[in-house]
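Q: If you're matching positions, the sequence shown starts at 945 in the numbering used here and goes up one per residue.
Every residue gets a Cβ at the ideal spot worked out from N, C-alpha and C, and that includes glycine.
This is the structure I have questions about; it appears just below.
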Amino acid sequence: MSEAGFISISSIRKVYDPEGASVHALEDCSCEIPSGKFIAMVGPSGCGKSTLLNMIAGF
């Protein structure tokens, strides 16, 4: 994107480690959302949509 993003994430990853079995919820995820724009995240259950939103929100 040529303009600076209001929300910008770069190469983030999230790995859960329940009982020693690593689960990669997100891997090398990057995007920029310009100020004033609306987006929609769509995908099947378990693909990482809520995980990404929680990480952006700081949880």
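(1) Taking Lys993 and Gly987 to be in contact with their CB atoms under 8 Å, please state how far apart those CB atoms are, rounded to whole angstroms.
(2) Would you give the residue range spanned by the beta strand (DSSP E) that Ile977 belongs to?
(3) Lys958 and Leu970 look like a contact to me (Cβ under 8 Å); what is the Cβ gap, rounded to whole Å?
(4) Would you say Ser974 and Ser955 are within 7 Å of each other, going by their C-beta atoms?
(5) Using C-beta distances below 8 Å, list every residue in its chain close to Ile1000, excluding the 5 sequence neighbours before and after it, in chain order.
A: The answer reads as follows:
(1) 6 Å
(2) Val967 to Ile977
(3) 4 Å
(4) yes
(5) Ile951 and Ile953
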